[in-house]
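Here is the structure we will look at.
Number of protein chains: 2
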Amino acid sequence: MAKMTPRTLSGFMELLPAPQQQMERMMSILRSTYARYGFTPLDTPVIESSDVLLAKGGGETEKQIYRFTKGDADLSLRFDLTVPLAKYVALHYNDLAFPFRRYQIGKVYRGERAQRGRFREFYQADIDIIGDGKLDIVNEAEIPSIIYQTFTALGLRRFQIRVNNRKILNGFYALQGLSAQSGDIMRTVDKLDKIGAEKVGALLTEELQLTQAQAHEILRFIAIRGTNQEVLTALEAYRGRNEIFDAGLSELETVVKYLAAFGVPEDHFAVDLTIARGLDYYTGTVYETTLLDHPEIGSVCSGGRYDNLAEYYTDRQLPGVGISIGLTRLFYVLGEQGMLNPQLPTAPADVLVLPMTEDLSGAIAVATFLRSEGMRTQLYTEQKKFKAKMSYADKLSIPYVIFLGEDELAAGTVTCKDMATGEQTTLSREDTVARIAQGLHARSAGTVIVEG
Amino acid sequence: MAKMTPRTLSGFMELLPAPQQQMERMMSILRSTYARYGFTPLDTPVIESSDVLLAKGGGETEKQIYRFTKGDADLSLRFDLTVPLAKYVALHYNDLAFPFRRYQIGKVYRGERAQRGRFREFYQADIDIIGDGKLDIVNEAEIPSIIYQTFTALGLRRFQIRVNNRKILNGFYALQGLSAQSGDIMRTVDKLDKIGAEKVGALLTEELQLTQAQAHEILRFIAIRGTNQEVLTALEAYRGRNEIFDAGLSELETVVKYLAAFGVPEDHFAVDLTIARGLDYYTGTVYETTLLDHPEIGSVCSGGRYDNLAEYYTDRQLPGVGISIGLTRLFYVLGEQGMLNPQLPTAPADVLVLPMTEDLSGAIAVATFLRSEGMRTQLYTEQKKFKAKMSYADKLSIPYVIFLGEDELAAGTVTCKDMATGEQTTLSREDTVARIAQGLHARSAGTVIVEG
Numbered sequence: 003m004a005k006m007t008p009r010t011l012s013g014f015m016e017l018l019p020a021p022q023q024q025m026e027r028m029m030s031i032l033r034s035t036y037a038r039y040g041f042t043p044l045d046t047p048v049i050e051s052s053d054v055l056l057a058k059g060g061g062e063t064e065k066q067i068y069r070f071t072k073g074d075a076d077l078s079l080r081f082d083l084t085v086p087l088a089k090y091v092a093l094h095y096n097d098l099a100f101p102f103r104r105y106q107i108g109k110v111y112r113g114e115r116a117q118r119g120r121f122r123e124f125y126q127a128d129i130d131i132i133g134d135g136k137l138d139i140v141n142e143a144e145i146p147s148i149i150y151q152t153f154t155a156l157g158l159r160r161f162q163i164r165v166n167n168r169k170i171l172n173g174f175y176a177l178q179g180l181s182a183q184s185g186d187i188m189r190t191v192d193k194l195d196k197i198g199a200e201k202v203g204a205l206l207t208e209e210l211q212l213t214q215a216q217a218h219e220i221l222r223f224i225a226i227r228g229t230n231q232e233v234l235t236a237l238e239a240y241r242g243r244n245e246i247f248d249a250g251l252s253e254l255e256t257v258v259k260y261l262a263a264f265g266v267p268e269d270h271f272a273v274d275l276t277i278a279r280g281l282d283y284y285t286g287t288v289y290e291t292t293l294l295d296h297p298e299i300g301s302v303c304s305g306g307r308y309d310n311l312a313e314y315y316t317d318r319q320l321p322g323v324g325i326s327i328g329l330t331r332l333f334y335v336l337g338e339q340g341m342l343n344p345q346l347p348t349a350p351a352d353v354l355v356l357p358m359t360e361d362l363s364g365a366i367a368v369a370t371f372l373r374s375e376g377m378r379t380q381l382y383t384e385q386k387k388f389k390a391k392m393s394y395a396d397k398l399s400i401p402y403v404i405f406l407g408e409d410e411l412a413a414g415t416v417t418c419k420d421m422a423t424g425e426q427t428t429l430s431r432e433d434t435v436a437r438i439a440q441g442l443h444a445r446s447a448g449t450v451i452v453e454g
Numbered sequence: 003m004a005k006m007t008p009r010t011l012s013g014f015m016e017l018l019p020a021p022q023q024q025m026e027r028m029m030s031i032l033r034s035t036y037a038r039y040g041f042t043p044l045d046t047p048v049i050e051s052s053d054v055l056l057a058k059g060g061g062e063t064e065k066q067i068y069r070f071t072k073g074d075a076d077l078s079l080r081f082d083l084t085v086p087l088a089k090y091v092a093l094h095y096n097d098l099a100f101p102f103r104r105y106q107i108g109k110v111y112r113g114e115r116a117q118r119g120r121f122r123e124f125y126q127a128d129i130d131i132i133g134d135g136k137l138d139i140v141n142e143a144e145i146p147s148i149i150y151q152t153f154t155a156l157g158l159r160r161f162q163i164r165v166n167n168r169k170i171l172n173g174f175y176a177l178q179g180l181s182a183q184s185g186d187i188m189r190t191v192d193k194l195d196k197i198g199a200e201k202v203g204a205l206l207t208e209e210l211q212l213t214q215a216q217a218h219e220i221l222r223f224i225a226i227r228g229t230n231q232e233v234l235t236a237l238e239a240y241r242g243r244n245e246i247f248d249a250g251l252s253e254l255e256t257v258v259k260y261l262a263a264f265g266v267p268e269d270h271f272a273v274d275l276t277i278a279r280g281l282d283y284y285t286g287t288v289y290e291t292t293l294l295d296h297p298e299i300g301s302v303c304s305g306g307r308y309d310n311l312a313e314y315y316t317d318r319q320l321p322g323v324g325i326s327i328g329l330t331r332l333f334y335v336l337g338e339q340g341m342l343n344p345q346l347p348t349a350p351a352d353v354l355v356l357p358m359t360e361d362l363s364g365a366i367a368v369a370t371f372l373r374s375e376g377m378r379t380q381l382y383t384e385q386k387k388f389k390a391k392m393s394y395a396d397k398l399s400i401p402y403v404i405f406l407g408e409d410e411l412a413a414g415t416v417t418c419k420d421m422a423t424g425e426q427t428t429l430s431r432e433d434t435v436a437r438i439a440q441g442l443h444a445r446s447a448g449t450v451i452v453e454g
């Protein structure tokens, strides 16, 4: 028969079993951390009707969307988890209680040009808090504190959550008489890290036709640096000249104050006036998160406050705040940087049971016992040489192998080899379980991510 | 602004938060049970190249596939998890150790005619064991024992795993000189439950042109009933006349013997000669699982042994055995039948913290403490009347509410109300955590599924 060469599409992550175990571990930590903050898990369809998904229309994203027809239905694959959330909240409004706090870890699709580290199918891990009409400012401090807890639980230490407030920027640009251009200006200022202040200044005067004085004011403003308190103090000098600016500054001060109360150490967050976030719908606090040793990666977790989540679906005002981790990309980058802890177990099983007798009933009983004690157990029954069986355990990094011969079965004991140390014990089933459990506990002590 | 009416596509399950929590609980039990049997989690793309996914070609499935182009790529959404597994194993053969045991819980897509309880996007939960060249018969007993453990862990009691062996059927039909028609005959016999023996007999003679004697022999054969031992004994009467039959009978006897060793009670599995499974690629043991009180649902978990998983991709012989739960459909049916335990917590949080002071730092500290103790905690900071806050907790079924006024913060205590009993305590943070933990433990004692 003619064979089709098997392949996986470019831009689609398909992991081998060991890295998949690491990915699962990361997802499990995300789920449990999000749940601990009172977020409920959500799952929405990957496919939506195109008119619903693209109600907002336009934008760079639309070109990338996987859109197709099936019968007479015009369908699209979701390209983020925010639009499906907006639809969900508008559709199920009467069945939800607000503030509605949900997390969702799911695949999204963007037909981007394929390149290394860019994915067309990737997981996003989102949390959002949606209010009905209003949403208290404290939520804007809680969201980054969750990110702090999440990243810390994953094992990251050297990261920083950068915080800004769009009202401060909007107010400042209004002060300069530049409200109409503020969007363009923010997009230009966003390039500061990449091209430097001088070139940003040149773009502002040449492309955007700002005066030298206006460009100077903007560069001076975004150059405000220092500790969070120093930045806030410098901003206080602008207070009293624009209501929106003042409101934004008060919000930012509240967020900084409560971030500390939520236990986020001062060195893990920074007020940064250069953060604007490209998306137009952020209206207040905005976040980015950078790995201090890998600034070239850009933000690994971004989000902010928006005033109107579902305006394309409902007249209700549904303000919210949320943040998203690009999980597939983060996982890829961590792998590339050698930051995935190789010490953590990636084996499919904790114990491999090797029967040495023809009748397998005794070995099956031992495997069943181990499983009832919570041990991930594989029974190996293939007809292979002893050496091949051991190399199977080795190849999969299964940490313990149990041999069951006539002697052991008669005596009610098991012989168990620790594959790392080579140490071999013949003990009762119960004592063997205790020994293995202890070993597994020690092996699982580390975090998923390790730094430098 | 003109609004787009939000809607979710027909045939796509989108759950409200409370049932979603139940679904998550089911998935979590599946994951941990599968892992305990040494299966490694796998995740493959939802989109594959059409030529790869449809290498086998033809069949009823192809019409239902979501297939489309993006740029010049001809793409399809996976319609099961078996074809992607075949691709994966063929593609990554050199990086895998065999037997390769994987589980996958993922969404698949079939554009079926929409009808109640039929889904176009649905979760399958699959386990498979793939051998390299050979695969021992014990695996064919282990697979249904895992299903027994899984369903038992979910809380199902009244179910039965029905087991047969295709070699017995093929051998039997060869004995009747009907090998060429065995596929058609099995499809006809498969209707036995629905239309009865008489009509099956009529179809066999009229449509398939069998003689009365042949039809009689077939009906006599599939009428073999009784305890597993009785059925096996009746089958022994046919032994010695056809090699394939004999091999199948020996396999079935081994499976039955080891199923008992794996701890599956006799009344939870049954040798049933009417089980054939429609799919052509099963070659040995086949399984179906039925809910005894809901036979009308059909099989909720099916699978079997196949001799050549990846024949469209590789010359290597990769035999396997696997089983699949149609999770979305099962969840839907359980909901319809009122079998999802309403006693289990579905709230997004275990505790709602209500600050009664203007400064929230104290309340934030208490929430942070509760979270560090593993309590799923929501801090409620919206400016609402007390009654509205309590009704929020009520609506979400959050079991405990903590009030934090000046007095409590000064004294380092918390006042905590059990929303079910109304009982209110003012205790230290630690004692409150202990009380809540005890209550949560009691509330989580039940299983996801409850029967009649």
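Chains as they are written, first to last, in our numbering: chain A, 3 to 454; chain B, 3 to 454. Even for Gly, the Cβ is constructed at its ideal location relative to N, Cα and C. It should be emphasised that the depicted structure is a prediction, and the values quoted were computed from it without experimental measurement.
With residue i and residue j assumed to form a contact (beta carbons below 8 angstroms), what rounded beta-carbon distance in angstroms separates them?
{"i": "glycine 113(A)", "j": "arginine 122(A)", "result": "6 angstroms"}
{"i": "aspartate 128(B)", "j": "glutamine 106(B)", "result": "5 angstroms"}
{"i": "tyrosine 402(A)", "j": "isoleucine 438(A)", "result": "5 angstroms"}
{"i": "arginine 331(A)", "j": "glycine 13(A)", "result": "Going by Cβ atoms, the distance from arginine 331(A) to glycine 13(A) rounds to 12 angstroms, so no, they are not a contact pair."}
{"i": "proline 86(A)", "j": "leucine 93(B)", "result": "Contact flag wrong, Cβ pair sits at about 31 angstroms."}
{"i": "glycine 305(A)", "j": "isoleucine 325(A)", "result": "3 angstroms"}
Excluding the five sequence neighbours on either side, which residues of its own chain have a C-beta within less than 6 angstroms of the C-beta of residue i, listed in chain order?
{"i": "tyrosine 39(B)", "result": "Ile148"}
{"i": "glutamate 142(A)", "result": "Val257, Thr287, Arg307, Val323"}
{"i": "alanine 349(B)", "result": "Leu398, Ser399, Ile400"}
{"i": "arginine 164(A)", "result": "Ala272, Asp274, Ile277, Glu290"}
Which residues in chain A sit within 7 angstroms of residue i, going by Cβ to Cβ distance?
{"i": "histidine 94(B)", "result": "Leu18"}
{"i": "alanine 2(B)", "result": "With chain B covering only 3 through 454, there is no way to say anything about residue 2(B)."}
{"i": "glycine 265(B)", "result": "Thr370"}
{"i": "alanine 99(B)", "result": "Tyr394, Lys397, Leu398"}
{"i": "phenylalanine 459(B)", "result": "Limits of chain B in this structure are 3 at one end and 454 at the other, which puts residue 459(B) out of reach."}
Is the Cβ of residue i closer than 8 angstroms to any Cβ of chain A?
{"i": "threonine 42(B)", "result": "yes"}
{"i": "threonine 434(B)", "result": "no"}
{"i": "phenylalanine 333(B)", "result": "no"}
{"i": "arginine 103(B)", "result": "yes"}
{"i": "threonine 449(B)", "result": "no"}
{"i": "lysine 109(B)", "result": "yes"}
{"i": "alanine 57(B)", "result": "yes"}
Nearest chain B C-beta to residue i closer than 8 angstroms, yes or no?
{"i": "methionine 6(A)", "result": "yes"}
{"i": "valine 48(A)", "result": "yes"}
{"i": "tyrosine 394(A)", "result": "yes"}
{"i": "phenylalanine 81(A)", "result": "no"}
{"i": "leucine 342(A)", "result": "no"}
{"i": "isoleucine 327(A)", "result": "no"}
{"i": "proline 350(A)", "result": "yes"}
{"i": "tyrosine 240(A)", "result": "no"}
Can you tell me which of the options puts its alpha carbon nearest to the alpha carbon of residue i?
{"i": "glutamate 408(B)", "options": "Gly228(B), Glu360(B), Thr449(B), Asp433(B)", "result": "Glu360(B)"}
{"i": "leucine 79(A)", "options": "Glu50(A), Tyr90(A), Gln319(A), Val54(A)", "result": "Glu50(A)"}
{"i": "valine 368(A)", "options": "Lys389(A), Gln385(A), Leu406(A), Lys397(A)", "result": "Leu406(A)"}
If I measure Cβ to Cβ from residue i and keep anything under 7 angstroms in the same chain, skipping five residues before and after, which residues do I get?
{"i": "arginine 103(A)", "result": "Gly40, Phe41, Thr42, Ile131"}
{"i": "methionine 25(A)", "result": "Leu17, Phe333"}
{"i": "valine 91(B)", "result": "Leu98, Phe102, Ile132, Leu311, Ala312, Leu320"}
{"i": "arginine 373(B)", "result": "Thr379"}
Excluding sequence positions up to five away, which residues of its chain have a Cβ less than 8 angstroms from the Cβ of residue i?
{"i": "valine 202(A)", "result": "Thr190, Val191, Lys193, Leu194, Leu221"}
Interface residues of chain A around residue i at Cβ under 8 angstroms?
{"i": "aspartate 138(B)", "result": "Thr383, Glu384, Gln385"}
Name the chain B residues whose beta carbon is nearer than 7 angstroms to that of residue i?
{"i": "tyrosine 314(A)", "result": "Lys5, Met6"}
Under 7 angstroms: does the beta carbon of residue i sit that close to some heavy atom of the ligand NAD?
{"i": "leucine 156(A)", "result": "This structure simply doesn't include the ligand NAD, nor any ligand for that matter."}
Find the residues of chain B that neighbour residue i, judging by a C-beta separation of less than 8 angstroms, and give them in chain order.
{"i": "glycine 113(A)", "result": "Lys72, Gly73"}
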